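Novice:
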Amino acid sequence: MTVAVSILPEQQLAVLNAAYRQAVARRRWRLLFGAVVFAAALLLAAVGAEVNLRTLFTHFGNFVSYFDRILALDNGQRVWTDAGEWLWGWRKWLKMLGETLLISYVGTLIGATFAFCLNFFAAENTSPAPWLRFVVRRLLEFARTVPGIVFALIFVIAFGLGPMAGVLAIAIHSTGALGKQFSEIVENADMKPVEGVRSTGASWLSCMRFAILPQVTAGYASYALLRFEINVREASVMGFVGAGGIGQELVVAIRKFYYSDVSAILLTIIVTVFIIDISTGWLRGRLFGKETRT
Amino acid sequence: MTGPQEIDTAALRARYPDVFDRPASARLAMPAMIVAAFAILVYGLVDLDFSPSRLFAGLSQLGWISLMMIPPDPGSSLPIYLKALGETLSIALLGTTLAAVFALPVSLLAARNIVPSNILRFPVRRFLDSIRGVDTLIWALVWINVVGLGPFAGVLAIAVSDFGAFGKLFSEAIEGADQKQVEGIRASGGSALHEIRFGLLPQVLPVIAGQVLYFIESNTRSATIIGIVGAGGIGLQLAEQIRVLEWQKVSFLILMILVAVAAIDFVSGKLRFAIIGRRAVA
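If you read the protein sequences in the order shown, they are chains A and B.
Using my numbering, the letters of the first sequence map in sequence onto residues 1 to 294.
Using my numbering, the letters of the second sequence map in sequence onto residues 1001 to 1282.
1. Grab me the residues of leucine 1200 of chain B's own chain with a C-beta within less than 7 Å of its C-beta, minus the 5 sequence neighbours each way, in chain order.
2. Which residues bound the alpha helix (DSSP H) around proline 1017 of chain B?
3. Going along chain A in order, which residues have a C-beta closer than 9 Å to the C-beta of phenylalanine 1152 of chain B?
4. Does arginine 1112 of chain B come out as helix, strand or coil in the three-state DSSP assignment?
5. Among residues of its own chain, excluding the 5 on either side of arginine 227 of chain A, which ones have a beta-carbon nearer than 6 Å to its beta-carbon?
6. Does the beta-carbon distance from glycine 1150 of chain B to glycine 1232 of chain B come in below 8 Å?
7. Do isoleucine 1196 of chain B and leucine 1120 of chain B have their C-beta atoms closer together than 8 Å?
8. Which word fits glycine 1184 of chain B, buried or exposed, when buried means at least 16 other C-beta atoms lie within 10 angstroms of its C-beta?
9. Listing by chain order, which chain A residues have their CB less than 8 Å from the CB of glutamate 1183 of chain B?
10. Chain A beta carbons: is any one of them nearer than 8 Å to that of alanine 1263 of chain B?
11. Apart from the five residues on each side of it in sequence, which residues of its chain come closer than 8 Å, Cβ to Cβ, to valine 216 of chain A?
12. Please list the partners that valine 1134 of chain B has in chain A, where partner means a Cβ-to-Cβ separation under 8 Å.
13. Name, please, each residue of chain A whose Cβ falls closer than 7 Å to the Cβ of arginine 1128 of chain B.
14. Relative to the C-alpha of glycine 162 of chain A, which residue among B:Ala1263, B:Ala1029 and B:Asp1047 is closest?
15. So, with DSSP's three-state summary, where would you put alanine 123 of chain A?
16. In the structure shown, what three-state DSSP assignment does alanine 165 of chain A receive?
17. Please confirm if valine 167 of chain A has its CB atom under 8 Å from at least one CB of chain B.
18. Less than 8 Å between CB atoms is the rule here; does valine 79 of chain A satisfy it with respect to chain B?
19. Hey, would you say lysine 1180 of chain B sits closer than 8 Å to arginine 1132 of chain B, going by beta carbons?
20. Mind checking if valine 1106 of chain B is an interface residue toward chain C, Cβ cutoff 8 Å exclusive?
21. Can you list the residues of chain A that threonine 1224 of chain B reaches, using a CB-CB cut of under 7 Å?
22. With a threshold of 16 other CB atoms inside 10 Å of the CB of glutamate 195 of chain A, please say whether the residue is buried or exposed.
23. Which residues of the region 99 to 115 of chain A have a Cβ closer than 8 Å to any Cβ of chain B? Give them in chain order.
24. Between which two residues does the alpha helix (DSSP H) harbouring alanine 235 of chain A extend?
25. Is there a C-beta anywhere in chain B that falls below 8 Å from the one on glycine 242 of chain A?
26. Kindly indicate which residue of B:Ile1158, B:Ile1234 and B:Val1229 has the alpha-carbon position closest to the one of isoleucine 1216 of chain B.
27. When DSSP builds the beta bridges, which residues end up paired with arginine 78 of chain A?
28. Closer than 9 Å by beta-carbon distance: list the chain B residues that pair up with histidine 173 of chain A, in chain order.
29. Relative to chain B, which residues along the region 176 to 192 of chain A have a C-beta separation below 9 Å, given in chain order?
30. Could you tell me the distance, in whole angstroms, from the CA atom of cysteine 297 of chain A to the CA atom of alanine 264 of chain A?
31. At a threshold of 7 Å, does phenylalanine 60 of chain A count as lining the ligand ADP (C-beta to nearest heavy atom)?
32. Name the residues in the region 1084 to 1117 of chain B whose C-beta lies less than 8 Å from a C-beta of chain A; which are they?
33. Name, please, each residue of chain B whose Cβ falls closer than 9 Å to the Cβ of arginine 30 of chain A.
34. Where serine 1218 of chain B and alanine 14 of chain A are concerned, what is the direct C-alpha to C-alpha distance, given to the nearest angstrom?
35. At which residues does the alpha helix (DSSP H) containing alanine 1159 of chain B begin and terminate?
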């Protein structure tokens, strides 16, 4: 096979090569510098986090054998050989799972309601006054940044043990997250309908109701469904601090080494999360067409 | 000036039947959904033991707690808290990096344009999904059983749970990459590995770097909570101080978390900007 590559004259080539090498060298130096800084940060972090590779290697067998143990029944058989024995507590677990779903549902709905009421004040284009926008934004930021489980810890003390604390914690966290996303949708909305409505002498409230709301409802519902999905996961661990749901059962099983129960509860959680993911995905597709599905 | 025009409703009705006479199913769908949503809400409130008296008692308790929180005061344990905060940041950085390193090869296996075979791809994807279905806190509990209490368990917990998320995100980034450059490498005689290295990675790396930075940010938040189950970091201090009702210290710790998260937010925003460029961020 003949190869035909046109080769430039030597002097021309040298200049081009030099320019190329210089450009690449500068990039390489920058990359190297970044890599060194990153490696230093990692090393520092490894010291800070008490990373001990020897512990990892000596105990890594534990990690594998842990899964081996949670997949074995008390009599040494594999769990799937006797599903009845493995899932012996399914009535109780299903009830707790139902509670988990209810916690996330009620929490999401309350959070979405608050976010709905607040987001018009937080959006740049609809907020009636700058100071109001500032206050609402900081409020939402606070609700979003403090992790839900920290709220749950505090609420368990204020409201007592039980799912109520979990619901309120999830509601507050959802308010913060949804409030931000909702206000972003509003900021992207077309302002011409607002001008149209305002020119008829309508109040601020009517402007929001008749000009903005019709544009943004679909986006709101889509984000709220997504948040519900996330909250199901969040609610599954609320039980760790005594705020209701399946987490309570799980943490007891893990701490007391009821191995086969751990895998059974994990399985129910994973299956539930799958089902919720798929069904909300389907619902979003049905409600808002293909465009939002990307 | 003429008054408002008389509108011939009947003619309009005849002309736009689908606006005026929508089928009953379409008209009833929205109210039915709202009623159903509300019914589930009420059932949930009853089932989860909500009662106005409990709510008000709790709120007054909460107000009292908030009053006790002012002013935030670390007492004499500021050095311990700073060390714990450093631990939290270390956990976030190390965990995210580990996850990204391990997720990159696996994500290649889960991408449609690299592994066309459905039979191979499907189990990889389901595997990543099930890892993602389990919350970080649960992974932390599992790792505590393996390597003992302490921040190292936290690092591993974050690494594992992010591994699932990264695998999915990276494979989506790879699937979104332009095939033309890969074909170019193949046309010039490159092997499959060359195609990945020179055709795919230059397109995908900036996207991946952006995602990793974003996750370091969000993991700073996750790292604060895994301490609650004993996996090190500032969450451990926070949970302890809440349990012994030292509210001034609690509020100080929460403030510290807020400031740290805001700082990381700022830095990683700048870095992402530098890596991906203005175009992709906007």
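Just so it is clear, CB atoms sit at the ideal spot from N, CA and C, and this is done for glycine as well.
Note that this is a predicted model, so its numbers are computed, not measured.
Specialist: Put simply:
1. The residue given as residue 1200 of chain B occupies position 200 in the second sequence. Here the set comprises Ile1174, Ala1177 and Val1182.
2. Locating residue 1017 of chain B in the second sequence gives position 17, where the first residue counts as 1. It spans 1017 to 1020 - the alpha helix (DSSP H) in which proline 1017 of chain B sits, taken as one unbroken run.
3. Here residue 1152 of chain B refers to the residue found at position 152 of the second sequence. Listed by position along chain A, the residues whose Cβ is nearer than 9 Å to that of phenylalanine 1152 of chain B are Ala49, Glu50, Val51, Asn52, Thr55 and Leu56.
4. By 1-based counting over the second sequence, the position of residue 1112 of chain B is 112. In the three-state reduction of the DSSP assignment, arginine 1112 of chain B falls in the coil class.
5. On the first sequence, residue 227 of chain A is found 227 positions in, with the first residue counted as 1. Thr108, Ser174 and Leu178.
6. Residue numbering aside, residue 1150 of chain B sits at position 150 when the second sequence is read from its first letter. Residue numbering aside, residue 1232 of chain B sits at position 232 when the second sequence is read from its first letter. Against a cut-off of 8 Å, the Cβ pair of glycine 1232 of chain B and glycine 1150 of chain B comes out as a contact.
7. To locate residue 1196 of chain B, count along the second sequence from 1; it is residue 196. To locate residue 1120 of chain B, count along the second sequence from 1; it is residue 120. Not in contact: isoleucine 1196 of chain B and leucine 1120 of chain B (Cβ atoms no closer than 8 Å).
8. Here residue 1184 of chain B refers to the residue found at position 184 of the second sequence. Its Cβ having fewer than 16 others within 10 Å, glycine 1184 of chain B is exposed.
9. What you label residue 1183 of chain B is simply residue 183 of the second sequence in a count that begins at 1. Against chain A, the beta carbon of glutamate 1183 of chain B has no neighbour under 8 Å; the closest one sits roughly 20 Å away.
10. Indexing the second sequence from 1 puts residue 1263 of chain B at position 263. Interface annotation, alanine 1263 of chain B: not in contact with chain A, CB-CB separation never under 8 Å.
11. On the first sequence, position 216 is the one that residue 216 of chain A refers to. In its chain, beyond the 5 residues on either side, Phe182, Ile185, Val186 and Ala189 have a beta carbon closer than 8 Å to the beta carbon of valine 216 of chain A.
12. Here residue 1134 of chain B refers to the residue found at position 134 of the second sequence. What valine 1134 of chain B touches in chain A, judged by beta-carbon distance under 8 Å, is Leu266, Ile269 and Ile270, going in chain order.
13. In the second sequence, counting from the first residue as 1, residue 1128 of chain B sits at position 128. According to the sequence shown, residue 1128 of chain B is leucine rather than arginine. Ordered by position in chain A, no residue passes the 7 Å Cβ test against leucine 1128 of chain B, which lies about 12 Å from the chain.
14. Your numbering for residue 162 of chain A matches position 162 in the first sequence. The option with the nearest alpha carbon to glycine 162 of chain A is B:Asp1047.
15. Counting from 1 along the first sequence, the entry for residue 123 of chain A is found at position 123. DSSP places alanine 123 of chain A outside both helix and strand once states are collapsed to three, so it counts as coil.
16. As a working note, residue 165 of chain A is residue 165 in the first sequence. Helix.
17. Along the first sequence, read from residue 1 onward, the residue named residue 167 of chain A stands at position 167. Judged by the 8 Å Cβ criterion, valine 167 of chain A is in contact with chain B.
18. As a position in the first sequence, residue 79 of chain A is number 79, starting the count at 1. Among the residues facing chain B, valine 79 of chain A is not included, as its CB has no counterpart in that chain under 8 Å away.
19. Indexing the second sequence from 1 puts residue 1180 of chain B at position 180. Indexing the second sequence from 1 puts residue 1132 of chain B at position 132. No, they are not a contact pair.
20. Annotation note: the requested chain C is absent from the structure, which comprises protein chains A and B.
21. Along the second sequence, one-based indexing puts residue 1224 of chain B at 224. Chain A residues near threonine 1224 of chain B: Pro147.
22. Taking the first residue of the first sequence as position 1, residue 195 of chain A is located at position 195. Around the beta carbon of glutamate 195 of chain A, a 10 Å sphere encloses fewer than 16 other beta carbons of the protein chains shown; the residue is thus reported as exposed.
23. Listed by position along the chain: Glu99, Leu102, Ile103, Tyr105, Val106 and Leu109.
24. In the first sequence, the residue the question calls residue 235 of chain A occupies position 235. Residues 213 to 238.
25. The count along the first sequence starts at 1 and reaches residue 242 of chain A at position 242. No Cβ of chain B is located within less than 8 Å of the beta carbon of glycine 242 of chain A.
26. On the second sequence, residue 1216 of chain B is found 216 positions in, with the first residue counted as 1. For the residues B:Ile1158, B:Ile1234 and B:Val1229, the minimum Cα distance to isoleucine 1216 of chain B belongs to B:Ile1158.
27. For the purposes of this step, residue 78 of chain A is taken as the residue at position 78 of the first sequence. Arginine 78 of chain A pairs with A:Ala72.
28. Residue numbering aside, residue 173 of chain A sits at position 173 when the first sequence is read from its first letter. From the beta-carbon of histidine 173 of chain A, no residue of chain B is found nearer than 9 Å; the closest lies around 11 Å away.
29. Residues: none.
30. Given that chain A is displayed from residue 1 to residue 294, the structure contains no residue 297 of chain A and the question cannot be resolved.
31. Within the structure as shown, the ligand ADP is missing, as the structure has no ligands at all.
32. Only Gly1086, Glu1087, Leu1089, Ser1090, Ile1091, Leu1093, Leu1094 and Thr1097 from the region 1084 to 1117 of chain B bring a Cβ to less than 8 Å from some Cβ of chain A.
33. Position 30 of the first sequence, counted from the start, is the residue given in the question as residue 30 of chain A. Ordered by position in chain B, no residue passes the 9 Å Cβ test against arginine 30 of chain A, which lies about 10 Å from the chain.
34. The residue labelled residue 1218 of chain B in the question sits at position 218 within the second sequence. The residue labelled residue 14 of chain A in the question sits at position 14 within the first sequence. If you take the alpha carbons of serine 1218 of chain B and alanine 14 of chain A, they lie about 49 Å apart.
35. Numbered from 1 along the second sequence, position 159 holds the residue referred to as residue 1159 of chain B. Alanine 1159 of chain B -> alpha helix (DSSP H) spans 1151 to 1175.
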